[in-house]
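A short worksheet on the structure shown next.
There are 2 protein chains.
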Amino acid sequence: MPLYFQVATRLQELIEKGEIGVGARIENEVDLAERLGVSRPTTRRAIQYLVERGMLVRKRGVGTQVVHPKVRRPVELSSLYDDLVAGDRAPRTEVLRLEVMPASDTVATALEIAPGTPVTWIERLRYAGGEPLALMHNAIPLDVLPLTGDDLAGHGLYELLRSGGLTPRIATQVIGARSATSAEAKVLQEKRGASLLTMTRTAWDAGGRALEYGSHVYRASRYSFEINLSAG
Amino acid sequence: MPLYFQVATRLQELIEKGEIGVGARIENEVDLAERLGVSRPTTRRAIQYLVERGMLVRKRGVGTQVVHPKVRRPVELSSLYDDLVAGDRAPRTEVLRLEVMPASDTVATALEIAPGTPVTWIERLRYAGGEPLALMHNAIPLDVLPLTGDDLAGHGLYELLRSGGLTPRIATQVIGARSATSAEAKVLQEKRGASLLTMTRTAWDAGGRALEYGSHVYRASRYSFEINLSAG
DNA sequence: TACCTCAGTTTGTCATGACAAAGTATTGAC
DNA sequence: GTCAATACTTTGTCATGACAAACTGAGGTA
Numbered sequence: 537m538p539l540y541f542q543v544a545t546r547l548q549e550l551i552e553k554g555e556i557g558v559g560a561r562i563e564n565e566v567d568l569a570e571r572l573g574v575s576r577p578t579t580r581r582a583i584q585y586l587v588e589r590g591m592l593v594r595k596r597g598v599g600t601q602v603v604h605p606k607v608r609r610p611v612e613l614s615s616l617y618d619d620l621v622a623g624d625r626a627p628r629t630e631v632l633r634l635e636v637m638p639a640s641d642t643v644a645t646a647l648e649i650a651p652g653t654p655v656t657w658i659e660r661l662r663y664a665g666g667e668p669l670a671l672m673h674n675a676i677p678l679d680v681l682p683l684t685g686d687d688l689a690g691h692g693l694y695e696l697l698r699s700g701g702l703t704p705r706i707a708t709q710v711i712g713a714r715s716a717t718s719a720e721a722k723v724l725q726e727k728r729g730a731s732l733l734t735m736t737r738t739a740w741d742a743g744g745r746a747l748e749y750g751s752h753v754y755r756a757s758r759y760s761f762e763i764n765l766s767a768g
Numbered sequence: 537m538p539l540y541f542q543v544a545t546r547l548q549e550l551i552e553k554g555e556i557g558v559g560a561r562i563e564n565e566v567d568l569a570e571r572l573g574v575s576r577p578t579t580r581r582a583i584q585y586l587v588e589r590g591m592l593v594r595k596r597g598v599g600t601q602v603v604h605p606k607v608r609r610p611v612e613l614s615s616l617y618d619d620l621v622a623g624d625r626a627p628r629t630e631v632l633r634l635e636v637m638p639a640s641d642t643v644a645t646a647l648e649i650a651p652g653t654p655v656t657w658i659e660r661l662r663y664a665g666g667e668p669l670a671l672m673h674n675a676i677p678l679d680v681l682p683l684t685g686d687d688l689a690g691h692g693l694y695e696l697l698r699s700g701g702l703t704p705r706i707a708t709q710v711i712g713a714r715s716a717t718s719a720e721a722k723v724l725q726e727k728r729g730a731s732l733l734t735m736t737r738t739a740w741d742a743g744g745r746a747l748e749y750g751s752h753v754y755r756a757s758r759y760s761f762e763i764n765l766s767a768g
């Protein structure tokens, strides 16, 4: 574990425990570095890390203050399944459809591939706490990762991508809303015309290769997106 | 202008012009630093800046590659008004209500202030391209900034905050959806029961002071949120 | 041919030193 | 007493040097 990360972790613990209160200034960089026996760049990097997470704020000529005792995590590239597991909401997945088919224009445009390129097309129904929560559609280029229904029933898509050595690094999401169609209302156990949250996402790996396109609808009555922002 | 920023800007221009294509590797840090006559930390910092914006990806032992020719801006702490101005969509604001009143429990909890603390409560109708787009409710603690209706008609709320010396640094947003009430449908020129996007946001300044609470509804037929993420 | 080892390349981490810029507090003059 | 100039504190930027860790590819061996 890098030294700067150890320092950041120690600072974070002090703040979370309340030993350095909100609004209080932390020790200046030079003294802190000396006391911990590390160099100032290392100390700066540790502080920078916490600043980026929204815990600290720096002011030249003034010092570094605590602004929030909890880490505000940046929006993460995780899948719904991961979020639900983390939230202890007992997710279950029903795979409604899984087949290899040529990419439609919509999918091809989103993934920046040629129309007709074979992709794995997946339709899943995601349950949480025994109730349906979301209807999910995904397209994964066949040459990126072959998938089976068994995998998908018990794991999140992003988990499968990662175990296949594929790491999503960049994604574009569009969040909107619309009314449920009859078919959607039926599988989601909502009334016809109920409001749904929609989210489409395209994710790329470090090499700029498109990994996944997703077009999902969530029951607005049971789900919302939470986003924490921090401006540098 | 800092040296590392000048280097980053030069690199960015090269990539945006396409002189360094997507997938291509850029010069290694040591050589680049020497050629530009700067130190390696400065070069690293410039590259780091572009990595954080999603243009470049680094791999130890391999090099630094271009993954996207355009900067993927992080989600910014801007207001809808600013977004619309930037998108050339001719925003107009109608102030429906503006009064000082004691904070409700909901508002007080969001702003982390005592219930009953005086806040300015604002209801606005935002138009874009001549059509209503969003119904916006805001609460600003009175001791943060006094506001008048004239200000709000011609400027975004965040613009006013900034001109008052208040800089939002951290915000939490929750995005959801629901059906329009009759009153909402009427002012937004939607049918009753139409799907609306909802967004609530609380913004804090660098000192951890809550600046603003907002609870807005957008016509889902005319608006959606776009979010770009980059991990790691 | 297939696999392993090892050298080379490139980024990751860390230390030390120095000066600049911005904000705060003190001191002095009027 | 008030205001302005000055000194001090603290973060921001930059240079130099060094070693570590991860990946690549060539070469040797079974």
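Chains S and V, in that order, are what the protein sequence lines are. Just so we're aligned: the first sequence equals residues 537 to 768 in our numbering. Just so we're aligned: the second sequence equals residues 537 to 768 in our numbering. From the three backbone atoms N, C-alpha and C, an ideal C-beta is built for every residue, glycine too. Since this is a predicted model, take the numbers as computed values, not measurements.
Between residue 688 of chain V and residue 748 of chain V, the C-beta gap is not smaller than 8 Å, which leaves the two residues out of contact.
Going by beta carbons, residue 693 of chain V and residue 654 of chain V fall outside the 8 Å limit. At a C-beta separation below 7 Å, residue 713 of chain V has these neighbours in chain S: 713, 731, 732, 733 and 756.
Inclusion of residue 739 of chain V and residue 704 of chain V in the CB contact set at 8 Å is warranted, their separation being smaller than that value.
Taking a Cβ-Cβ threshold of 9 Å, none of the residues of chain S is close to residue 750 of chain V; the smallest such distance is about 13 Å. The beta-bridge partner set that DSSP reports for residue 600 of chain V consists of V/594. For residue 572 of chain V, the uninterrupted alpha helix (DSSP H) run begins and ends at 565-572, by DSSP. In the three-state reduction of the DSSP assignment, residue 699 of chain V falls in the helix class, which pools H, G and I. By the Cβ-count criterion, residue 641 of chain V is exposed, with fewer than 16 other Cβ atoms from all chains shown falling within 10 Å of its own Cβ.
Not one beta carbon of chain V lies nearer than 8 Å to the beta carbon of residue 554 of chain S. Exposed is the label assigned to residue 567 of chain V, since fewer than 16 other Cβ atoms lie within 10 Å of its Cβ. The region 537-545 of chain V makes no contact with the region 749-759 of chain S, as fewer than three CB pairs between them are under 8 Å. Among the bridge pairs identified by DSSP, residue 587 of chain S is matched with none.
Using a CB distance cut-off of 8 Å, residue 561 of chain V does not count as an interface residue toward chain S. A Cβ-Cβ separation of about 11 Å leaves residue 715 of chain S out of contact with residue 714 of chain V under the 8 Å criterion. Cβ proximity to chain V below 7 Å picks out 590 and 593 from the region 576-600 of chain S. Every alpha helix (DSSP H) of 4 residues or more that sits fully in the region 718-751 of chain V is shown, in chain order, as 718-724.
With a threshold of 8 Å between beta carbons, residue 728 of chain V makes no contact with chain S. Between the region 627-636 of chain V and the region 592-606 of chain V, the count of C-beta pairs closer than 8 Å stays below three; the two stretches do not touch. Per DSSP, residue 540 of chain V lies in no beta strand (DSSP E) segment; the continuous alpha helix (DSSP H) that holds it begins and ends at 539-552. Of all alpha-carbon atoms in S/721, S/555 and S/591, the one lying nearest the alpha-carbon of residue 668 of chain S is that of S/721. For residue 760 of chain S against residue 710 of chain V, the beta-carbon gap comes to about 5 Å, under 8 Å, which counts as contact. Closest by C-alpha distance to residue 762 of chain V, out of S/651, S/589, S/735 and S/555, is S/735.
Rounded to the nearest angstrom, the gap between the Cα atoms of residue 631 of chain S and residue 543 of chain S is 45 Å.
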